[in-house]
Amino acid sequence: MAYQATKAALQRLVDEHVVPGVSYALIDGDQVETGTLGLAAVVPQPETLAPGMTYDLASLTKVVGTLTVTLQLLAEGRLTLDAPITRWLPDWTDDRVTVRHLLTHTSGIVGYIPHRNQLNATELTKALYTLHVGPTFNWKMVYADVNYILMGWLIEALLGEPVQLAIKRRVLVPLGMIHSTFTPMNAMQCVPTAVTPERGLIRGAVHDPKGYVLQRRCGSAGLFSTVDDLVRFCQAMLHPEQAAAVLPPDWIHRLVGDWTPDGHAGRSLGWALTATQWPTPHRVLWHSGFTGTYLVIDPQQQQAMVFLTNRVHPQAPNLPYLDQRNAVIGTYLAEKAGV
Numbered sequence: 043m044a045y046q047a048t049k050a051a052l053q054r055l056v057d058e059h060v061v062p063g064v065s066y067a068l069i070d071g072d073q074v075e076t077g078t079l080g081l082a083a084v085v086p087q088p089e090t091l092a093p094g095m096t097y098d099l100a101s102l103t104k105v106v107g108t109l110t111v112t113l114q115l116l117a118e119g120r121l122t123l124d125a126p127i128t129r130w131l132p133d134w135t136d137d138r139v140t141v142r143h144l145l146t147h148t149s150g151i152v153g154y155i156p157h158r159n160q161l162n163a164t165e166l167t168k169a170l171y172t173l174h175v176g177p178t179f180n181w182k183m184v185y186a187d188v189n190y191i192l193m194g195w196l197i198e199a200l201l202g203e204p205v206q207l208a209i210k211r212r213v214l215v216p217l218g219m220i221h222s223t224f225t226p227m228n229a230m231q232c233v234p235t236a237v238t239p240e241r242g243l244i245r246g247a248v249h250d251p252k253g254y255v256l257q258r259r260c261g262s263a264g265l266f267s268t269v270d271d272l273v274r275f276c277q278a279m280l281h282p283e284q285a286a287a288v289l290p291p292d293w294i295h296r297l298v299g300d301w302t303p304d305g306h307a308g309r310s311l312g313w314a315l316t317a318t319q320w321p322t323p324h325r326v327l328w329h330s331g332f333t334g335t336y337l338v339i340d341p342q343q344q345q346a347m348v349f350l351t352n353r354v355h356p357q358a359p360n361l362p363y364l365d366q367r368n369a370v371i372g373t374y375l376a377e378k379a380g381v
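The number in my numbering is simply the position in the sequence shown, starting from 1, with 42 added.
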């Protein structure tokens, strides 16, 4: 397992100061190669990135945590995809929105919350329930955190515990993801994210503003993890029969399908989809996180990539990263296909 072009592309991200550092894993069947490049921090002083450091996964929380619990509940018959969410969330008043809409980002929920980041948890919860369904409902995929915040509250209503506690109990612990947590105990073991006027250097606390306010009740962000733990997750996704109590095999195998309402909006449950042509045309799962994290999983070829950076350090949004990131993923997909 070489992946020389992919590793060179990762090194360029560091050499060209697009990101402070990169932690990665390349999974090919039973083989796993991991690596660490560059710095964990550039301010207040440079700090070498060490193997095993913890990253704020941002929106990878959606697929690693919230979606996984949801798939369990679907497999248990406690949820159905086309049930209106008002069945569990009576404070949401539009009964057209279903579980499927939330999971595929086709709910069309829009709206503006004034001074959102200054609200407390109670105020933010109330404000999120005032959002409304817009013109993209049921046909267009528009990625939005609110979908997985509401999904987290639905899980809480079903299980009687905040979504992040449910994720720990139902996903992290049984998969042996011992370094994954929503509450890091040692901030210095975490790579820092942005420096903001309000919070200073963010390290060991969730970067996402909504996640910072909602804490345990946020299903869209908040999970911290390591390369090794995400390798465990990816391997379980590639072999769900070996972790069937956590990752229901029937649902996991069907994630490569388009689950949007009309089957043409190009989104799975939770995961985004991309296509590869080798050795035959098939779909690959992927998802990213705002802080600079990324997973690619190819179930057919038993391959995956874990790609972790803190691209928002010391300042967000670091737009040059987005094009470079996509180039890295393109290099990986081409290289793993032998192109």
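Think of the CB as a built atom: it goes at the ideal place given N, C-alpha and C, for glycine as much as any other residue.
Only a predicted model underlies this, so the values are computations on that prediction, with no experimental measurement involved.
| query | Do the stretch 184-199 and the stretch 60-80 touch if we need at least three Cβ pairs shorter than 8 Å? | reply | Contact between the stretch 184-199 and the stretch 60-80 is absent, because fewer than three Cβ pairs lie under 8 Å.
| field | Euclidean distance between Cα positions of Gly380 and Leu173 | value | The count along the sequence shown starts at 1 and reaches residue 380 at position 338. The count along the sequence shown starts at 1 and reaches residue 173 at position 131. So the two alpha carbons sit approximately 47 Å from each other.
| request: Report the partner residues of Trp328 according to the DSSP bridge assignment. | output: For this step, residue 328 is matched to residue 286 along the sequence shown. In DSSP, Trp328 forms a bridge with Ala314, Val338.
| message | I believe Tyr363 touches Thr48 by the beta-carbon criterion, under 8 Å. Please report the beta-carbon distance rounded to the nearest angstrom. | response | As a working note, residue 363 is residue 321 in the sequence shown. As a working note, residue 48 is residue 6 in the sequence shown. Between Thr48 and Tyr363 the Cβ distance is about 17 Å, and since that is not below 8 Å, they are no contact.
| query | Given Asp133, which residues of its chain have a CB within under 7 Å of its CB, disregarding the five upstream and five downstream residues? | reply | Taking the first residue of the sequence shown as position 1, residue 133 is located at position 91. Answer for Asp133: Tyr171, listed in chain order.
| Residue span of the beta strand (DSSP E) that contains Thr78, given as start and end | On the sequence shown, position 36 is the one that residue 78 refers to. Segment 73-83, the beta strand (DSSP E) holding Thr78.
| Helix, strand or coil: which one does DSSP assign to Ala285? | Here residue 285 refers to the residue found at position 243 of the sequence shown. Helix at Ala285.
| Contained alpha helix (DSSP H) runs [length at least 4] in the stretch 90-125, N- to C-terminal order | 109-117
| For Val354, which three-state DSSP category applies? | Within the sequence shown, the letter at position 312 stands for residue 354. DSSP places Val354 in coil when its eight states are reduced to three.
| message | Please return the same chain residues whose Cβ sits closer than 7 Å to the Cβ of Val188, not counting the five positions on each side in sequence. | response | As a first step, residue 188 is located in the sequence shown; it is residue number 146 there, counting from the start. Counting only Cβ-Cβ distances below 7 Å, and skipping sequence neighbours, we find Ile151, Leu170, Leu173.
| said: Quick check: what's the CA-CA separation for Glu389 versus Asp136? | reply: Any answer about residue 389 is impossible in this case: the structure gives the chain only from 43 up to 381.
| field | Rounded separation between Ala369 and Leu55 - CA only | value | Your numbering for residue 369 matches position 327 in the sequence shown. Your numbering for residue 55 matches position 13 in the sequence shown. One C-alpha to the other measures close to 10 Å.
| task | Name, in chain order, the residues that DSSP records as bridge partners for Met183. | result | As a working mapping, residue 183 is identified with position 141 in the sequence shown. In the DSSP output, where bridge partners are listed per residue, Met183 has none listed.
| query | Going straight from the alpha carbon of Gln114 to that of Val273, what length do you get? | reply | Here the question's residue 114 lines up with position 72 in the sequence shown. Here the question's residue 273 lines up with position 231 in the sequence shown. Those two C-alpha atoms are separated by around 20 Å.
| said: Using C-beta distances below 6 Å, list every residue in its chain close to Thr223, excluding the 5 sequence neighbours before and after it, in chain order. | reply: Position 181 of the sequence shown holds residue 223. Once the five neighbours on either side are set aside, the close Cβ partners of Thr223 are Phe266.
| request: Under 8 Å by Cβ, that's how I've got Val348 and Leu337 pegged, so tell me the actual separation to the nearest angstrom. | output: Here residue 348 refers to the residue found at position 306 of the sequence shown. Here residue 337 refers to the residue found at position 295 of the sequence shown. Sure, about 6 Å apart at Cβ, within 8 Å.
| Proximity of Leu91 and Pro62 at Cβ, strictly below 9 Å | In the sequence shown, residue 91 corresponds to position 49, counting from 1. In the sequence shown, residue 62 corresponds to position 20, counting from 1. A contact, by the Cβ cut-off of 9 Å.
| With 16 as the cutoff for other CB atoms within 10 Å, does Lys104 come out buried or exposed? | Taking the sequence shown and counting its residues from 1, one reaches residue 104 at position 62. Label assigned to Lys104: buried.
| Residue span of the beta strand (DSSP E) that contains Ile69, given as start and end | Counting from 1 along the sequence shown, the entry for residue 69 is found at position 27. 63-70 is the span of the beta strand (DSSP E), which, as asked, contains Ile69.
| request: Output the distance between the C-alpha atoms of Thr96 and Gly246, rounded to the nearest integer angstrom. | output: Translated into positions along the sequence shown, residue 96 becomes position 54. Translated into positions along the sequence shown, residue 246 becomes position 204. Whole-angstrom Cα-Cα distance: 9 Å.
| Span separating the alpha-carbon of Ala278 from that of Gln284 | Within the sequence shown, residue 278 is the residue found at index 236, counting from 1. Within the sequence shown, residue 284 is the residue found at index 242, counting from 1. Using only the alpha carbons, I get a separation of about 7 Å.
| task | Would you tell me roughly how many angstroms separate the C-alpha atoms of Ser65 and Pro93, rounded to the nearest one? | result | As a first step, residue 65 must be located in the sequence shown, where it is residue number 23. As a first step, residue 93 must be located in the sequence shown, where it is residue number 51. Their Cα atoms are separated by approximately 8 Å.
| query | So the alpha helix (DSSP H) Lys252 belongs to, where does it begin and stop? | reply | The count along the sequence shown starts at 1 and reaches residue 252 at position 210. Its alpha helix (DSSP H) spans residues 251-256.
| Asp57 - containing alpha helix (DSSP H), residue span | By one-based count along the sequence shown, residue 57 stands at place 15. First-last of the alpha helix (DSSP H) with Asp57: 46-57.
| message | Considering Cα atoms alone, identify which of Gly312, Pro356, Gln231 is closest to Ile191. | response | For the purposes of this step, residue 191 is taken as residue 149 along the sequence shown, with counting starting at 1. The option with the nearest alpha carbon to Ile191 is Gly312.
| Candidates Pro356, Leu166, Ala82: which alpha carbon is nearest Tyr154's? | Along the sequence shown, one-based indexing puts residue 154 at 112. If we check each option's Cα against that of Tyr154, Leu166 comes out closest.
| Three-state class that DSSP yields for Ile151 in the structure shown | Residue 151 sits at position 109 when you count from the first residue of the sequence shown. Three-state result, Ile151: strand.
| request: Apply the 10 Å Cβ neighbour rule to Trp328 and answer buried if 16 or more other Cβ atoms are within range, or exposed otherwise. | output: Counted from its first residue, the sequence shown places residue 328 at position 286. Per the 10 Å Cβ criterion, buried.
| field | Rounded distance between the beta-carbons of Ile339 and Cys276, thought under 8 Å | value | Numbered from its first residue, the sequence shown carries residue 276 at position 234. Numbered from its first residue, the sequence shown carries residue 339 at position 297. Contact flag correct, Cβ pair sits at about 6 Å.
| Considering only C-alpha positions, which residue in the set Pro234, Gly107, Arg120 is nearest to Asn352? | Taking the first residue of the sequence shown as position 1, residue 352 is located at position 310. Out of Pro234, Gly107, Arg120, Pro234 has the C-alpha closest to the C-alpha of Asn352.
| said: Rounding to the nearest angstrom, what Cα-Cα distance links Pro86 and Pro204 in this structure? | reply: For the purposes of this step, residue 86 is taken as residue 44 along the sequence shown, with counting starting at 1. For the purposes of this step, residue 204 is taken as residue 162 along the sequence shown, with counting starting at 1. Answer to the nearest angstrom: the Cα atoms are 35 Å apart.
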